[in-house]
Amino acid sequence: MEGETEVWLLNELARQCGYRFESEGVRVIEFAQCGLKPLLKFARRMGIEWHALVDGDEAGKKYANAVRSMLDNHEDNERDRLTALPAPDMEHFMYREGFSSVYHRVASVPLKVQMPVRKVIIKAVHHTSKPDLAIEVAMQAGVWAPTRCPRC
Numbered sequence: 031m032e033g034e035t036e037v038w039l040l041n042e043l044a045r046q047c048g049y050r051f052e053s054e055g056v057r058v059i060e061f062a063q064c065g066l067k068p069l070l071k072f073a074r075r076m077g078i079e080w081h082a083l084v085d086g087d088e089a090g091k092k093y094a095n096a097v098r099s100m101l102d103n104h105e106d107n108e109r110d111r112l113t114a115l116p117a118p119d120m121e122h123f124m125y126r127e128g129f130s131s132v133y134h135r136v137a138s139v140p141l142k143v144q145m146p147v148r149k150v151i152i153k154a155v156h157h158t159s160k161p162d163l164a165i166e167v168a169m170q171a172g173v174w175a176p177t178r179c180p181r182c
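This is how it looks when you write it as structure tokens:
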């Protein structure tokens, strides 16, 4: 996962859907700080299966290209190894996928107020933190039931 938001969010959403990543041998790792290619090389050499989730921004596109460069044309399928969000980042993706009310509530911006999505998200992050905001979104998903979990 590219950033900390994804780690917090995916672990909690998986738990709500009945998946226990730890017991299934799945680990969600943030790679933005350590680099993606070294992690993928290590995983490949150790025989560890992997999948990368990247943002839709410029950095995410570079990470996606790094994943593509690591694919073995005969054994790997891009769909099995890479998910690129159709949004600049996870916050924008979740906002667009029906969680705008969470961002507005945390940002203390009424839903009726006309404000660019980016500004609402920035205000929400300033009122809390990215991990706490991710947990708020995941908790709302739990209230709405797993059938509302967004899919890429």
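Under the working numbering, the first residue of the sequence shown is numbered 31, with each subsequent residue one higher.
Beta carbons: idealized from backbone N, C-alpha and C, even for Gly.
Note that the structure is a prediction, hence the values are computed from the model and not measured.
Notebook entry, point to check: For residue 93, which of 74, 65 and 71 has the nearest alpha-carbon?
Noted result: Taking only the C-alpha atoms, the option nearest residue 93 is 65.
Notebook entry, point to check: When the distance is taken between beta carbons, is residue 62 closer than 8 Å to residue 33?
Noted result: Yes; because the gap between Cβ atoms is below 8 Å, this pair is in contact.
Next item on the list: Give the DSSP-derived three-state secondary structure of residue 35 in the structure shown.
Entry: It is helical.
Next item on the list: Report, in whole angstroms, the separation of the C-beta atoms of residue 84 and residue 115, which I expect to be a contact under 8 Å.
Entry: The beta-carbon separation of residue 84 and residue 115, rounded to 7 Å, stays under the 8 Å limit for a contact.
Note to self: Using 8 Å for Cβ pairs, my map puts residue 133 next to residue 154. What's the rounded Cβ distance?
What the structure shows: Between residue 133 and residue 154, the beta carbon gap of about 5 Å places them in contact (Cβ cut-off 8 Å).
Next item on the list: Take residue 69 and list the residues in its own chain whose beta-carbon comes closer than 6 Å to its own, dropping the five residues that flank it on each side.
Entry: Here the set comprises 61.
Next item on the list: Reducing DSSP to helix, strand and coil, say where residue 147 ends up.
Entry: Residue state, collapsed to three classes: helix.
Margin query: On the DSSP bridge list, what partners appear for residue 113?
Written below: Beta-bridge partners of residue 113 (DSSP): 83.
Check: Are the Cβ atoms of residue 157 and residue 138 separated by less than 8 Å?
Finding: Against a cut-off of 8 Å, the Cβ pair of residue 138 and residue 157 comes out as a contact.
Note to self: Among the candidates 125, 77, 72 and 167, whose CA atom is the shortest distance from the CA of residue 148?
What the structure shows: Ranking 125, 77, 72 and 167 by Cα distance to residue 148 puts 125 first.
Checklist line | residue 153 at chain B interface by Cβ criterion, 8 Å | finding: As a matter of chain content, chain B is missing from the structure shown, which is built from one protein chain.
Next item on the list: State yes or no: is the C-beta of residue 152 within less than 8 Å of the C-beta of residue 38?
Entry: If you check the CB distance, residue 152 and residue 38 do not come in under 8 Å.
Next item on the list: Check residue 118 in the structure and name its three-state DSSP category.
Entry: DSSP places residue 118 in the coil class of the three-state scheme, outside both helix and strand.
Checklist line | Cα-Cα separation between residue 174 and residue 112, rounded to whole angstroms | finding: Their backbone Cα atoms lie some 27 Å apart in a straight line.
Notebook entry, point to check: Can you tell which of 79, 160 and 90 has its C-alpha closest to the C-alpha of residue 55?
Noted result: Nearest to residue 55 by C-alpha distance, out of 79, 160 and 90, is 79.
Next item on the list: Report yes if the C-beta distance between residue 96 and residue 67 is below 8 Å; otherwise report no.
Entry: If you check the CB distance, residue 96 and residue 67 come in under 8 Å.
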